[in-house]
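**Student:**
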Amino acid sequence: MASEVQLLKLNVGGKLFLINYDTIKKSSVLLDKYKKKQAQTHHSNAGISVINENKPPVLEIFIDRNGEIFQDILEYWRSQKIYSKTEEGLRKLRHEADYFDIQDLVREVNDLLERYDNDDDDYDYQVIQHPFNCNYLIVPSQGDLKPFQENDSIVTGYKYCLSRNVYESKLVVKRPRKKCKLAQN
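The opening residue of the sequence shown carries number 1 in the UniProt record's numbering; numbering runs sequentially from there.
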């Protein structure tokens with residue numbers, strides 16, 4: 001039986017993964033944990049499961065990290081694709097990739113997050129019910145008349161039929177998003 005354990009059973013945050021030695025070499029953190037665990041179990045066979053005497057032993061390691069996101073890391077290693085598309089999901093993926101020291105994944109996620117930052121057009125959009133023949137906007141939640149503000153602009157307007165001969169008009173208005181500056185320490 002070879003002394004080199006070729007399979008690694010990872011328990012990442014309660015989610016189990018069975019990966020091979022070539023995969024763990026892609027992360028210096030995983031490789032370090034593997035070597036430490038292998039050194040510990042070299043002296044005592046606790047922690048190594050022999051599934052079949054003809055097959056190499058399986059080394060078991062627990063890592064207290066997010067198992068759902070670690071699954072995304074494994075998918076990236078398999079396909080070189082990032083499947084998380086939300087900004088929050090990408091930020092979590094970057095955090096875990098940074099922990100596992102997977103710099104190529106960190107760079108790719110940073111590129112995707114930069115696109116999110118550049119796509120932000122700094123406007124709020126609102127669909128409102130509005131008669132087209134007046135110079136005021138109706139604020140739907142208050143029912144008040146609100147004059148156009150200096151930087152408001154109408155993106156589009158449309159009229160549609162609710163029921164027989166009953167039409168309703170709508171406007172899509174965009175307003176600059178109000179930004180607050182965070183105090184720096």
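Even for Gly, the Cβ is constructed at its ideal location relative to N, Cα and C.
A quick note: this is a predicted structure, and the numbers were derived from the prediction, not measured.
(1) I believe Asp82 touches Leu112 by the beta-carbon criterion, under 8 Å. Please report the beta-carbon distance rounded to the nearest angstrom.
(2) Within a Cβ cutoff of 7 Å, which residues of the same chain sit near Leu90, ignoring the five residues on either side of it in sequence?
(3) State yes or no: is the C-beta of Lys174 within less than 8 Å of the C-beta of Tyr123?
(4) For Val12, does the count of other Cβ atoms within 10 angstroms reach 16, so buried, or fall short, so exposed?
(5) Take the Cβ of Glu88 as the centre, count every other Cβ of all protein chains shown within 10 Å, and call the residue buried at 16 or more, exposed below.
(6) Going by DSSP in three states, Tyr125 sits in which element: helix, strand or coil?
(7) Using only alpha-carbon positions, find the residue among Ser163, Leu171 and Phe100 that is nearest to Ile63.
(8) Should Val12 be flagged as near chain E, meaning a C-beta pair shorter than 8 Å?
(9) Helix, strand or coil for residue 203, going by three-state DSSP, please let me know.
(10) Does DSSP classify Phe100 as helix, strand or coil?
(11) Would you mind working out which of Ser153, Leu16 and Ile24 sits nearest Gln6, comparing C-alpha positions?
(12) Look up Ser163 in the DSSP assignment and say whether it is helix, strand or coil.
(13) Work out the CA separation of Thr86 and Lys37 for me, nearest whole Å.
**Tutor:** Here's the rundown:
(1) Note on residue identity: the sequence assigns Ile, not Asp, to residue 82. Sure, about 7 Å apart at Cβ, within 8 Å.
(2) Ser84, Val109, Leu112 and Leu113
(3) yes
(4) buried
(5) exposed
(6) strand
(7) Phe100
(8) Among the chains of the structure shown, chain E does not appear; only one protein chain is present.
(9) Within the shown structure, residues of the chain are numbered from 1 to 185, placing residue 203 beyond reach of any answer.
(10) coil
(11) Ile24
(12) strand
(13) 35 Å
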